[in-house]
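A short worksheet on the structure shown next.
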Amino acid sequence: MATTVERPHYQLTFWLGEFADADLEHRFRARVAPAVRKRLSKFFLVWAALLLLFGIHDYHTFGLSGTFLILTTARCAAVALLLACAAHLRQTAGGIPAWPLAAVLMPVTVAFVATLSFLMSTDNLPWTTTIFMAALLGTFIVLPERLGTGTLVSIAAIAVYMVCTYLVVPETTPARMTVFGMILALPAGVGFIAAHRIQIASREAFAALEHAERELSRRKQLETELRRTAATDPLTGVFNRRHYLPLFQREFERALRYRQPLALCLLDLDHFKRINDTYGHAAGDTALRTIADICRSELRETDVLGRLGGEEFVVLLPNTTAENAKAAAERIRARLAATEIVEGGQRFRVSTTIGVTELRPGDRQIDDLIQRADHALYVGKEAGRNRVQLT
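Residue numbering for the sequence shown follows the numbering used here, beginning at 1 and increasing consecutively.
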């Protein structure tokens, strides 16, 4: 039988209140492990302090007798174990403690119960039992995320305490021990129910948080995709006019301000209409994507590549002279001319003509460079295409 968090994916087991999915439960434990370690470490320190304080009662009860020395030795051993566990939990890095919680709590519990057994008698049994019952309840309070561990520790503690009571207190009978066990089970049962509620609530909160984080991540990815879509040409993936013009303007103003070189190239596929008419528009699209890919691989990260429209592309090269820009354009031209394009079982080659210019003292806006590069492109077309024309 299982109960379900409000989202069907996050299913919880009925008795332990843990996630049915092992990976999900592991993620939850890793998330809460630092808080559990810190809380458990503080609990051990408080426990150790209380054990030392009860040594005052031992002195008033037994004086400097052999019983007091044995009891003090047992207390010191229990305190040492508690301090060692607290130190280990504080030094443990990462998520889940290196020692399983049950392995840490079991010997501490046995040491605590053994210490109490020295005080057991008909007279002081009520207050030692009260202390023990408070400790039982505290186990579930301290470890609500690990209900199974708390239950095992409580069962072991009750069993050891009942055995010690039966052996130390002479007035015990099987009937009284049965009632005594029921009394001891009461705080354990209350603690189990309370911890079970906390267990479910904490995992529901974790499920809601994880769902919110995933939704936030999905929305961020969607937002990133929307920004990318708004900034790029859907066919070639290069910047569209709306996005690259502000970048061009920024680089233009920077070049003027710091008197740095700036180059611009215009690329136009040769006989693009013939490609579409001969091989189809799908082949033309493949040719456009091919030249865009070649440009991206040959250009620097600081260069700005955009689609001017149709079969034309524009490249702005910051801090680049005309000669260096011409060399880069020539690499693009030669690589495209040597590339065989395959589309729909058809194979063909394309070429490009590129006009190159650089920033001049009289330029007042980025359009001055674009117009000059366009003129160089026209000259290159007239001269026979498949060339780089510098102006």
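Even glycine gets a Cβ: it sits at the ideal position worked out from N, Cα and C.
Q) Below 9 Å between beta carbons: does that hold for Thr-353 and Val-388? A) By 1-based counting over the sequence shown, the position of residue 353 is 353. By 1-based counting over the sequence shown, the position of residue 388 is 388. Yes, these two residues count as a Cβ contact at 9 Å.
Q) alpha helix (DSSP H) containing Gly-189: first to last residue? A) As a position in the sequence shown, residue 189 is number 189, starting the count at 1. First-last of the alpha helix (DSSP H) with Gly-189: 174-231.
Q. Does DSSP put Pro-126 in a helix, in a strand, or in coil?
A. As a first step, residue 126 must be located in the sequence shown, where it is residue number 126. In the structure shown, the three-state DSSP call for Pro-126 is helix.
(Q) Rounded to whole angstroms, what is the Cα-Cα separation between Arg-372 and Arg-364? (A) Indexing the sequence shown from 1 puts residue 372 at position 372. Indexing the sequence shown from 1 puts residue 364 at position 364. Cα to Cα, Arg-372 sits roughly 13 Å from Arg-364.
Q: Would you give the residue range spanned by the beta strand (DSSP E) that Arg-347 belongs to?
A: Here residue 347 refers to the residue found at position 347 of the sequence shown. Per DSSP, the unbroken beta strand (DSSP E) holding Arg-347 starts and ends at 346-348.
Q.
Please return the same chain residues whose Cβ sits closer than 6 Å to the Cβ of Glu-312, not counting the five positions on each side in sequence.
A. Mapped onto the sequence shown, residue 312 falls at position 312. A distance below 6 Å between beta-carbons, with the five flanking residues on each side excluded, links Glu-312 to the following residues of its chain, in chain order: Asp-268.
Q.
Using CA atoms only, rank isn't needed, just tell me which of Leu-167, Glu-171, Thr-172, Ala-135 is closest to Ile-155.
A. The sequence position of residue 155 within the sequence shown is 155, counting from 1. Out of Leu-167, Glu-171, Thr-172, Ala-135, Ala-135 has the C-alpha closest to the C-alpha of Ile-155.
**Q.** Own chain, CB closer than 7 Å to His-196, minus 5 neighbours either side, in chain order
**A.** Here residue 196 is taken as the residue at index 196 of the sequence shown, counted from 1. Non-local C-beta neighbours of His-196 in its own chain, meaning closer than 7 Å and more than five positions away in sequence, comprise Gly-17, Leu-147, ordered along the chain.
Q: Report buried or exposed for Tyr-10, applying the criterion of at least 16 other Cβ atoms within 10 angstroms of its Cβ.
A: Here residue 10 is taken as the residue at index 10 of the sequence shown, counted from 1. Buried: at least 16 other Cβ atoms inside 10 Å.
Q) Does the beta-carbon of Glu-358 have 16 or more other beta-carbons within 10 angstroms, so that it is buried, or is it exposed? A) Indexing the sequence shown from 1 puts residue 358 at position 358. Answer is buried; the Cβ neighbour count reaches 16.
Q | Chain-order list of residues whose beta-carbon lies under 6 Å from that of Thr-151 (same chain, five-residue window excluded) | A | By 1-based counting over the sequence shown, the position of residue 151 is 151. The answer is none, since no qualifying residue turns up.
Q) For Gly-355, is the classification buried or exposed, using 16 other Cβ atoms within 10 angstroms of its Cβ as the cut-off for buried? A) Within the sequence shown, numbered from 1, the residue matching residue 355 stands at position 355. Buried, because 16 or more other Cβ atoms sit within 10 Å of the Cβ of Gly-355.
Q.
My output table needs one value for Gly-95: the three-state DSSP class, helix, strand or coil.
A. In the sequence shown, the residue the question calls residue 95 occupies position 95. Caution applies to Gly-95, whose pLDDT of 47 falls short of 50 and renders its modelled position unreliable; the value that the coordinates give is listed next. Note: Gly-95 maps to coil in three-state DSSP.
Q) In this structure, does DSSP put Ala-263 in helix, strand or coil? A) Within the sequence shown, the letter at position 263 stands for residue 263. Ala-263 falls in the strand class under three-state DSSP.
Q | Pair within 9 Å by beta-carbon distance, Ile-366 and Phe-239 | A | Numbered from its first residue, the sequence shown carries residue 366 at position 366. Numbered from its first residue, the sequence shown carries residue 239 at position 239. Not closer than 9 Å, so no.
Q) Exposed or buried, which one is Gly-63 when buried takes at least 16 other CB atoms within 10 Å? A) The count along the sequence shown starts at 1 and reaches residue 63 at position 63. Burial check for Gly-63: the Cβ neighbour count within 10 Å stays below 16, so the residue is exposed.
Q. How is Leu-245 classed by DSSP in three states: helix, strand or coil?
A. Along the sequence shown, one-based indexing puts residue 245 at 245. Three-state result, Leu-245: helix.
Q. Taking the alpha-carbon positions, what's the Ile-70 to Gly-189 distance?
A. As a working mapping, residue 70 is identified with position 70 in the sequence shown. As a working mapping, residue 189 is identified with position 189 in the sequence shown. Between Ile-70 and Gly-189, the alpha-carbon positions lie close to 33 Å from each other.
Q: Determine, using beta-carbon pairs with one atom in the region 12-31 and one in the region 200-212, whether at least three such pairs fall under 8 Å.
A: Look at the beta carbons and you see the region 12-31 touching the region 200-212: at least three pairs across the two are nearer than 8 Å.
Q) Who pairs with Gly-306 in a beta bridge, going by DSSP? A) Numbered from its first residue, the sequence shown carries residue 306 at position 306. According to DSSP, Gly-306 shares a beta bridge with Phe-239, Val-314.
Q. Can you tell me whether DSSP reads Leu-359 as helix, strand or coil?
A. Along the sequence shown, one-based indexing puts residue 359 at 359. The answer is coil: DSSP assigns Leu-359 none of H, G, I, E or B.
Q | At least 3 beta-carbon pairs within less than 8 Å: the region 205-215 vs the region 333-347 | A | Output reads no: the region 333-347 does not touch the region 205-215.
Q | Where the beta strand (DSSP E) through Val-379 begins and ends | A | Position 379 of the sequence shown holds residue 379. From DSSP, Val-379 is part of no beta strand (DSSP E) but of the alpha helix (DSSP H) over 366-382.
Q: Can you grab the Cα-Cα spacing for the pair Arg-259 / Asn-319, in whole Å?
A: Position 259 of the sequence shown, counted from the start, is the residue given in the question as residue 259. Position 319 of the sequence shown, counted from the start, is the residue given in the question as residue 319. CA-to-CA, the gap between Arg-259 and Asn-319 works out to about 9 Å.
(Q) Cutting at 6 Å between CB atoms, please list the residues of its own chain near Arg-289, excluding the five before and the five after it. (A) As a first step, residue 289 is located in the sequence shown; it is residue number 289 there, counting from the start. Close CB contacts of Arg-289 within its chain, under the 6 Å cut and outside five residues either way in sequence, are with Thr-236 (chain order).
(Q) Measuring CB atoms only, is the region 261-278 touching the region 299-312, in the sense that at least three cross pairs come out at less than 8 Å? (A) Flag = yes, the region 261-278 and the region 299-312 touch.
Q: Please go through the same chain and pick out, in chain order, the residues whose beta-carbon is closer than 6 Å to the beta-carbon of Asn-276, but skip the five residues on each side of it.
A: Counting from one through the sequence shown, the residue named residue 276 turns up at place 276. Result list for Asn-276: Gly-284, in chain order.
Q | Same chain only: Cβ atoms within 6 Å of Leu-369, ignoring 5 sequence neighbours per side | A | Start at 1 with the first residue of the sequence shown, and residue 369 comes out as number 369. Beyond the five residues adjoining it in sequence on each side, Leu-369 comes within less than 6 Å, by CB distance, of Leu-264, Thr-357 in the same chain, given in chain order.
Q: Could you give the DSSP three-state label for Leu-269: helix, strand or coil?
A: Counting from 1 along the sequence shown, the entry for residue 269 is found at position 269. Correct three-state label for Leu-269: strand.
(Q) If you reduce the DSSP assignment to three classes, tell me which class Phe-54 lands in. (A) The residue given as residue 54 occupies position 54 in the sequence shown. Helix.
Q: Rounded to whole angstroms, what's the CA-CA distance from Ile-341 to Phe-272? Just pull it up for me.
A: For the purposes of this step, residue 341 is taken as the residue at position 341 of the sequence shown. For the purposes of this step, residue 272 is taken as the residue at position 272 of the sequence shown. A direct Cα-Cα distance of roughly 14 Å separates Ile-341 from Phe-272.
Q: Leaving aside the five residues before and after Leu-390 along the sequence, list all residues of the same chain whose C-beta is less than 7 Å from its C-beta, in chain order.
A: Residue numbering aside, residue 390 sits at position 390 when the sequence shown is read from its first letter. Scanning its chain for C-beta atoms nearer than 7 Å, with the 5 sequence neighbours on each side dropped, one finds around Leu-390 the residues Ala-322, Lys-326, Val-356, Ala-376, in chain order.
**Q.** Inter-residue Cα distance where the pair is Leu-316 and Glu-382
**A.** Position 316 of the sequence shown holds residue 316. Position 382 of the sequence shown holds residue 382. Looking at the two C-alpha atoms, the distance is approximately 24 Å.
**Q.** Inter-stretch contact (C-beta, 8 Å, three-pair minimum) for the region 220-230 and the region 175-193
**A.** Using a C-beta cut-off of 8 Å, the region 220-230 makes no contact with the region 175-193, since fewer than three inter-stretch Cβ pairs fall below that distance.
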